[in-house]
Amino acid sequence: METTDILKRVRQIEIKTRGLSSNIFAGEYHSAFKGRGMMFSEVREYQYGDDVRNIDWNVTARFNRPFVKVFEEERELTVMLLIDVSGSREFGTTWRTKKNMISEMAAVLAFSAIQNNDKIGVILFSNKVEKFIPPKKGRKHILHIIREMVGFEPENRETDIAGVLRYLTNAIKKRCTAFVISDFLDTNFEDALKIANQKHDVVALKVFDPRETELPNIGFVKFKDAETGQLRWINTSKRSNRDAYSQWWNDNDEKVSTMFRKSGVDSVSVRTDEDYVKALMALFKKRS
1 METTDILKRV RQIEIKTRGL SSNIFAGEYH SAFKGRGMMF SEVREYQYGD DVRNIDWNVT
61 ARFNRPFVKV FEEERELTVM LLIDVSGSRE FGTTWRTKKN MISEMAAVLA FSAIQNNDKI
121 GVILFSNKVE KFIPPKKGRK HILHIIREMV GFEPENRETD IAGVLRYLTN AIKKRCTAFV
181 ISDFLDTNFE DALKIANQKH DVVALKVFDP RETELPNIGF VKFKDAETGQ LRWINTSKRS
241 NRDAYSQWWN DNDEKVSTMF RKSGVDSVSV RTDEDYVKAL MALFKKRS
């Protein structure tokens with residue numbers, strides 16, 4: 001992709017996703033992803049309805065009238081986006097590819113994070129960590145992240161989700177909220193997911209194309225694996241082939257969903273021909 005095309009795409013994503021973050025997601029995001037806890041702010045005189053457990057007895061004794069401690073949410077979070085840049089993200093049979101949807105969803109989360117004064121960082125991964133962008137704040141930082149998502153060309157095309165989860169666990173020392181955005185065609189990451197979610201708050205966003213769920217009946221078709229490059233002819237006119245493929249998809253989807261449930265990881269699945277706004281809102285409300 002040429003530089004001018006990248007900048008144009010970045011601007012399009014910024015306009016769309018920044019507006020969504022400001023007008024739709026801001027409140028839901030704040031409620032769904034809490035700060036690290038409550039920190040002391042000040043002492044004020046007791047008012048009717050205040051929790052008596054918050055009375056500061058030392059100050060009360062000094063002034064001979066009741067005072068209470070006031071606490072504020074320690075809001076600042078570190079948010080990490082773990083973004084799948086493997087070959088399979090390039091697939092798409094609707095008006096957008098999985099890559100385009102992943103980029104938009106990540107941008108919405110990034111703008112929502114900085115509006116809540118959170119730091120945002122990114123790990124782009126294939127079957128290795130392709131790029132690490134340390135957590136920072138600010139619009140300039142967000143635009144840098146979007147440029148990387150749009151224009152980045154990975155060295156490898158295969159996927160290793162377990163590897164990036166282990167990297168997250170080792171590289172980010174303090175607890176963070178980590179969004180893993182992938183098609184999750186790789187299913188060998190259960191142990192790494194459990195360990196990562198014990199240290200961090202891991203959230204999974206699965207993106208898939210509707211054509212991936214079943215094969216059309218269009219005769220012999222030459223397929224190419226986007227990650228391994230393997231070529232294979234398949235007779236899609238045979239019902240047994242179409243049924244076997246659909247069964248593979250359903251088994252894969254159920255295996256991944258079961259891993260999320262067993263690991264205590266919140267997740268949502270979004271098709272490329274669907275509105276991801278509704279899916280993210282449902283996820284946020286579920287966590288609120």
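First residue of the sequence shown? That's 1 in full-length UniProt numbering, and the numbers climb one at a time after it. Where is the CB? At the ideal position from N, CA and C, for every residue including glycine. Predicted model, so just to flag it, every value in this text is computed and none were measured.
The C-beta of T4 has fewer than 16 other C-beta atoms within 10 Å across all chains shown, which makes the residue exposed.
Rounded to the nearest whole angstrom, the CA to CA distance from D251 to G121 is 33 Å.
Rounded to whole angstroms, the separation of the alpha carbons of D243 and I146 is 39 Å. Excluding residues up to 5 positions away in sequence, E104, A107, V108, F111 lie with their Cβ nearer than 7 Å to the Cβ of T17 in the same chain. Secondary structure of R175 (DSSP, three-state): coil. Distance from I55 to P66 at the Cβ level is roughly 6 Å; contact confirmed, criterion being Cβ atoms closer than 8 Å. The C-alpha of T258 lies about 44 Å from the C-alpha of D50. Close CB contacts of H141 within its chain, under the 6 Å cut and outside five residues either way in sequence, are absent. M80 is not a Cβ neighbour of L20, given a cutoff of 8 Å. Between the alpha carbons of S263 and K99 lies a gap of roughly 26 Å. In this structure the region 85–94 lies against the region 217–237, because at least three pairs of beta carbons, one per stretch, are closer than 8 Å. Scanning the region 47–97 for uninterrupted alpha helix (DSSP H) segments of 4 residues or longer gives 57–63, listed from N- to C-terminal end. Beta-bridge partners of L231 (DSSP): K224.
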